[in-house]
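Only one structure is covered here, and it is reproduced in the block below.
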Amino acid sequence: ETRKRVLGDEHPDTLISMNNLAFTLKGLGHYDRAISMMGDCVDLLAQVLGAHHPRTVSSRNTLNAWRMDNVGITSVN
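The sequence shown begins at 1 in the UniProt record's numbering and counts up one residue at a time.
Pasting the structure below:
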């Protein structure tokens, strides 16, 4: 939240922090929150870097894998 407030939602450092927080949440067993955070991160990465940027693609793949592990459905296009 501090990075968002200081740097803005779309700053690359904010997006990296969101990605890292999503991994931390997943590691702590907060799967729904992790998936939600990663989904928000993917949306912003696509807006800022483009849908085909390697960082966006990697985060989208992670999100899809987490969703399959968690509920077995739904992929992000």
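Don't be surprised by glycine CBs; every beta carbon is placed ideally from N, CA and C.
Assuming residue i contacts residue j (C-beta within less than 8 Å), just tell me the rounded distance between them.
i	j	result
Val42	Arg60	5 Å
Should residue i and residue j be called a contact, given that it needs their Cβ atoms to be closer than 8 Å?
i	j	result
Ala46	Ala34	no
Trp66	Met38	yes
Leu44	Leu63	no
Asp40	Met68	no
Which residue from the options puts its Cα closest to that of residue i?
i	options	result
Leu58	Leu25, Asn20, Asn70	The sequence given here has Ser at residue 58, not Leu. Ser58 has its Cα closest to that of Asn20, out of Leu25, Asn20, Asn70.
Please report the straight-line C-alpha distance between residue i and residue j, rounded to a whole angstrom.
i	j	result
Gly8	Leu25	22 Å
Q) Okay, do the region 23-34 and the region 47-55 touch, 3+ Cβ pairs below 8 Å being the bar? A) No, the region 23-34 is not in contact with the region 47-55.
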